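Novice: Before anything else, here's the structure in question.
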Amino acid sequence: MFEAIQYENDLPVNMKLYHVQEYPLHYNDDIQLLCVMKGFLDLKLTCNTYHLEESDIHFIHGGDLHGIIRSSEDNLVLVISLNTKSLIDRYPDLHCQIFTTKVDKNLVTYQKKIELRNDIFRILSELYRKHDGYQARIDHAVTNLIDNLYENFRGFRVDGDDKTFEGAITGDVTQRDRIARIVDYLYDYYPYKLSLEELAGKEHLNKDYLSHMFSRYTGQSFKNFLNMVRVEMSERRLLGSTVSITQLAMESGFSKPKYYVEHFIKWYGMHPKKYRELYRDKTLASCSPVIEEIPLEQFNVLLDGGALANEPGVTVLDLESLPKSKAAFHVPSIMVNNHSLSESFLDELFMAFYKRNKTANYVFEDREKVPSLDTYRNGYSPAKEAEQFLHALTHNKAKSIPFFDHAPAGGMVTENGLIKPLYYLMQFLTGLSGQIFFCDKGAIVLKDADDYAWIFFGKDGKAAHCYEVTFPLCAASYKLTHQTLENAFAFYELWQQLDLESNLGEEDKRKINESSPIKTQFKRITMRKKYKASFEVKPGSLLFGTLIHC
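For what it's worth, this note's numbering labels the leading residue of the sequence shown as 5, then goes sequentially.
Set out below in structure tokens:
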């Protein structure tokens with residue numbers, strides 16, 4: 005049942021791409037990740053079967069008995085193996101960690117999985133292309149992947165009904181480390197008589213406190229978890245030998261065979277004899293995988309024109325390694341045509357902006373020519389307008405910006421009161437200061453003493469792009485505020501549906517202006533020397549945020 009993994013050129017990672025019909029039960033010494041790129045499959049892993057669909061990622065620990073027992077006809081599975089021995093110097097406790105990629109589907113976990121997928125595909129790209137220096141880049145990408153696992157996927161709860169390990173991340177690193185040590189100890193010494201008193205003594209804790217803490221963080225009592233470990237660890241021997249159930253029970257740490265049978269049924273759903281009959285001919289020792297391996301050298305269709313072509317490109321920014329002195333950042337002043345505030349809606353819009361940004365530098369000018377509808381109908385692009393503004397901003401050319409559109413456009417709000425992307429940008433920019441630490445056509449990163457700010461812009465109609473940023477931290481505590489405007493140009497699309505009518509009603513304006521909601525996220529970051537963040541910038545989106553010490 006054991007399957008050895010070969011690593012090329014002493015690399016810390018191995019990747020295989022398969023079309024799978026069936027892969028018999030087996031185990032490896034190293035840790036693995038399955039990434040379903042197409043179709044679906046059923047992964048049998050210890051006492052449960054996980055149904056994995058396209059884009060799912062599942063973690064398999066070294067020694068876990070697993071196999072693919074069912075799949076769709078048209079599937080593609082990427083198997084990532086990590087060489088534990090080569091990584092032991094950097095991660096001495098890697099072997100005893102329980103990582104869980106089965107997490108609730110929400111915005112936060114979605115972004116975490118995006119980061120994990122980016123790490124995986126960066127490694128895949130390097131393995132496929134093998135340009136000069138690819139070994140060092142792979143090593144760096146593997147480090148990022150494992151750091152991501154430690155930070156975002158270390159922690160679990162065992163669902164007693166579904167018999168599945170599910171993600172349950174706690175911010176208490178001390179407790180996570182303690183749980184990892186205890187669980188590792190149980191897997192090492194499960195055949196022996198173990199007690200809470202013994203473990204509490206090793207951890208210098210009160211027995212009752214340890215009992216409560218263990219149940220809280222794992223979802224199972226100490227006794228239930230230990231018995232689960234014992235029947236799980238008996239599985240390989242059950243399927244790989246003809247040893248009696250009585251002997252298996254003794255070897256696994258049970259005092260009587262009936263207790264072993266009782267707990268095996270609880271976790272595996274059937275008597276161990278029936279389980280042996282059902283699965284002993286479905287192991288790697290008895291049959292061969294029914295698979296088609298696809299060489300990475302022939303993977304260019306996916307890399308250049310298929311599944312991976314839709315994956316975000318990646319820009320890696322380590323702010324610690326960037327030059328410490330950049331151009332000073334200046335917020336443009338805002339020009340206002342004081343007698344263009346003819347409607348109550350426009351008046352309220354301006355006052356809302358003014359009240360929020362009392363320190364802004366306003367310039368009141370005489371009314372200039374209002375752009376005609378031809379300006380918006382002939383070649384106008386709000387995406388291009390935003391791109392030109394950001395370019396001017398980073399090159400100190402954006403000295404001022406109209407609140408309302410002048411000819412030809414260029415303002416934060418159309419003359420008839422539709423909010424443009426520049427409005428949200430100026431709301432964010434007002435009050436910022438510092439140096440421009442990094443800029444390109446789609447990104448600005450600012451630094452002001454120990455604080456940071458950023459803007460990322462997704463060009464309309466282009467592929468998504470991911471910025472992976474490492475922030476060096478000097479203070480003990482920071483607050484991250486991140487805002488996303490996913491469809492920054494919805495105002496123009498909806499206005500076009502109304503034939504770019506100039507005299508819009510108040511209700512139509514309200515509906516159009518509410519079509520681009522801003523999503524806000526907060527996060528507290530404490531006691532770190534660095535913080536790594538991944539920002540996926542989709543076409544037509546604006547991302548902006550700050551990392552402020554507190």
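Think of the CB as a built atom: it goes at the ideal place given N, C-alpha and C, for glycine as much as any other residue.
Predicted model, so just to flag it, every value in this text is computed and none were measured.
#1: Could you give the C-beta distance for Leu38 and Ile61, rounded to a whole number, given that I count them as a contact under 8 Å?
#2: Check whether the Cβ atoms of Leu128 and Phe63 sit closer than 9 Å, and answer yes or no.
#3: How long is the line joining the alpha carbons of Lys533 and Phe160, rounded to whole angstroms?
#4: Roughly how many angstroms lie between the CA atoms of Thr104 and Tyr496, to the nearest whole one?
#5: Go ahead and pull the three-state DSSP assignment for Asn228.
#6: Quick one: is Cys443 buried, meaning 16 or more other Cβ sit within 10 Å of its Cβ, or exposed?
#7: Here's the rule I'm using: 16 or more other beta-carbon atoms within 10 Å means buried, otherwise exposed. How should Tyr213 be labelled?
#8: How many Å lie between Gly223 and Ser215 at the Cα?
#9: Mind reading off the beta-carbon distance from Ala145 to Asp123? Whole number of angstroms is fine, and I expect it under 8 Å.
#10: Check each candidate in Pro406, Arg158 and Lys523 and name the one with the smallest Cα separation from Cys100.
#11: Can you list, in chain order, the residues of its chain with a C-beta nearer than 6 Å to that of Met232? Leave out the 5 residues immediately preceding and following it.
#12: Mind listing, in chain order, the continuous beta strand (DSSP E) runs of no fewer than 3 residues lying wholly within the region 432-484?
#13: I'd like to know if the region 430-439 and the region 490-510 are in contact, where contact means that at least 3 CB-CB pairs between them fall below 8 Å.
#14: Does Leu321 come out as helix, strand or coil in the three-state DSSP assignment?
#15: Under 9 Å, do Arg241 and Pro195 count as touching if we go by C-beta distance?
#16: Measure the CB-CB distance between Gly462 and Gly544 and report whether it falls below 9 Å.
#17: Counting pairs of beta carbons, one from the region 9-18 and one from the region 282-299, are three or more of them closer than 8 Å?
#18: Using C-beta distances below 8 Å, list every residue in its chain close to Glu324, excluding the 5 sequence neighbours before and after it, in chain order.
#19: Could you tell me the alpha carbon to alpha carbon distance between Val187 and Arg121, rounded to whole angstroms?
#20: State the start and end residues of the unbroken beta strand (DSSP E) segment that holds Glu505.
#21: Using 10 angstroms around the beta-carbon of Val449, count the other beta-carbons present and answer buried if the total reaches 16, otherwise exposed.
#22: For a test of the three-state rule: what should DSSP assign to Tyr194, helix, strand or coil?
#23: Among all the DSSP beta bridges, which residues are the ones paired with Gly71?
#24: Determine the contact status of Asp181 and Lys536, defining contact as a CB-CB distance below 9 Å.
#25: Could you tell me which residues DSSP puts in a beta bridge with Leu29?
#26: Given a cut-off of 9 Å, decide if Ser290 and Pro28 are closer than it, judged by their beta-carbon atoms.
#27: Excluding the five sequence neighbours on either side, which residues of its own chain have a C-beta within less than 7 Å of the C-beta of Lys148, listed in chain order?
#28: I'd like the list of long-range same chain contacts for Gly3, defined as Cβ closer than 6 Å, with 5 residues on each side in sequence excluded.
#29: Assign Asn400 to one of three DSSP states: helix, strand, or coil.
#30: Nearest to Ile516 by CA position, among Ser75, Phe526 and Glu505, is which residue?
#31: Just how far apart, CA to CA, sit Glu296 and Asp34?
#32: So for Asn18, helix, strand or coil by DSSP?
#33: For Arg74, which residues of its own chain have a beta-carbon under 6 Å away from its beta-carbon, when the five flanking residues on both sides are left out?
#34: Grouping DSSP H, G and I as helix and E and B as strand, with all else coil, what is Ile118?
#35: Measure the C-alpha to C-alpha separation of Ser292 and Val24 and round it to an integer number of angstroms.
#36: Of all the options Thr53, Asp97, Ser59 and Ile142, which has the alpha carbon lying nearest to the alpha carbon of Lys167?
Specialist: In terms of the structure at hand:
#1: Counting from one through the sequence shown, the residue named residue 38 turns up at place 34. Counting from one through the sequence shown, the residue named residue 61 turns up at place 57. At roughly 7 Å, the Cβ-Cβ gap stays under 8 Å, so Leu38 and Ile61 are in contact.
#2: If you number the sequence shown from 1, residue 128 lands on position 124. If you number the sequence shown from 1, residue 63 lands on position 59. No, they are not a contact pair.
#3: The sequence position of residue 533 within the sequence shown is 529, counting from 1. The sequence position of residue 160 within the sequence shown is 156, counting from 1. The alpha-carbon atoms of Lys533 and Phe160 are separated by roughly 26 Å.
#4: Walking along the sequence shown from the start, residue 104 turns up at place 100. Walking along the sequence shown from the start, residue 496 turns up at place 492. Roughly 43 Å between the two C-alpha positions.
#5: Sequence index remark: in the sequence shown, residue 228 carries index 224 (1-based). The answer is helix: DSSP assigns Asn228 an H, G or I state.
#6: Start at 1 with the first residue of the sequence shown, and residue 443 comes out as number 439. Flag for Cys443 reads buried.
#7: Within the sequence shown, residue 213 is the residue found at index 209, counting from 1. The residue in question, Tyr213, is exposed, as its Cβ has fewer than 16 Cβ neighbours within 10 Å.
#8: Numbered from its first residue, the sequence shown carries residue 223 at position 219. Numbered from its first residue, the sequence shown carries residue 215 at position 211. Cα-Cα distance, rounded: 11 Å.
#9: Counting from 1 along the sequence shown, the entry for residue 145 is found at position 141. Counting from 1 along the sequence shown, the entry for residue 123 is found at position 119. Yes, they are in contact, since the Cβ atoms of Ala145 and Asp123 sit about 6 Å apart, within 8 Å.
#10: Looking up residue 100 in the sequence shown gives position 96. Of Pro406, Arg158 and Lys523, the residue nearest in Cα terms is Arg158.
#11: Counted from its first residue, the sequence shown places residue 232 at position 228. Trp271, listed in sequence order.
#12: 439-444, 447-452, 455-461 and 469-476
#13: no
#14: Sequence index remark: in the sequence shown, residue 321 carries index 317 (1-based). Residue state, collapsed to three classes: strand.
#15: Against the sequence shown, residue 241 aligns to sequence position 237. Against the sequence shown, residue 195 aligns to sequence position 191. Contact flag unset, no.
#16: Taking the sequence shown and counting its residues from 1, one reaches residue 462 at position 458. Taking the sequence shown and counting its residues from 1, one reaches residue 544 at position 540. Against a cut-off of 9 Å, the Cβ pair of Gly544 and Gly462 comes out as a contact.
#17: no
#18: In the sequence shown, residue 324 corresponds to position 320, counting from 1. Hits under 8 Å: Thr474, Pro476 and Lys534.
#19: Position 183 of the sequence shown holds residue 187. Position 117 of the sequence shown holds residue 121. Cα to Cα, the separation comes out at about 28 Å.
#20: Here residue 505 is taken as the residue at index 501 of the sequence shown, counted from 1. That residue, Glu505, is in no beta strand (DSSP E); it is neither H nor E in DSSP.
#21: What you label residue 449 is simply residue 445 of the sequence shown in a count that begins at 1. That one is buried.
#22: Sequence index remark: in the sequence shown, residue 194 carries index 190 (1-based). In the structure shown, Tyr194 sits in coil (DSSP, three-state: anything other than H, G, I, E or B).
#23: Position 67 of the sequence shown, counting from 1, holds the residue named residue 71. The partner list for Gly71 (beta bridge, DSSP) reads Lys48.
#24: Translated into positions along the sequence shown, residue 181 becomes position 177. Translated into positions along the sequence shown, residue 536 becomes position 532. No, they are not a contact pair.
#25: Translated into positions along the sequence shown, residue 29 becomes position 25. In DSSP, Leu29 forms a bridge with Thr287.
#26: Locating residue 28 in the sequence shown gives position 24, counting from the first residue. Locating residue 290 in the sequence shown gives position 286, counting from the first residue. A contact, by the Cβ cut-off of 9 Å.
#27: Walking along the sequence shown from the start, residue 148 turns up at place 144. Reading the sequence as shown, one finds Asn at residue 148 and not Lys. Correct list, in chain order: Asp123.
#28: As displayed, the chain neither begins before 5 nor continues past 554, which places residue 3 out of reach and without an answer.
#29: The count along the sequence shown starts at 1 and reaches residue 400 at position 396. Reduced to three states, the DSSP call for Asn400 is coil.
#30: Here residue 516 corresponds to residue number 512 of the sequence shown, with the count starting at 1. Comparing Cα positions, the closest option is Glu505.
#31: Along the sequence shown, read from residue 1 onward, the residue named residue 296 stands at position 292. Along the sequence shown, read from residue 1 onward, the residue named residue 34 stands at position 30. Each residue's Cα considered, the two are about 22 Å apart.
#32: Within the sequence shown, numbered from 1, the residue matching residue 18 stands at position 14. Three-state result, Asn18: strand.
#33: Working through the sequence shown from its first residue, we reach residue 74 at position 70. Only Asp46 meet the Cβ criterion.
#34: As a first step, residue 118 is located in the sequence shown; it is residue number 114 there, counting from the start. Ile118 falls in the helix class under three-state DSSP.
#35: Locating residue 292 in the sequence shown gives position 288, counting from the first residue. Locating residue 24 in the sequence shown gives position 20, counting from the first residue. Using only the alpha carbons, I get a separation of about 12 Å.
#36: The count along the sequence shown starts at 1 and reaches residue 167 at position 163. Lys167 has its Cα closest to that of Thr53, out of Thr53, Asp97, Ser59 and Ile142.
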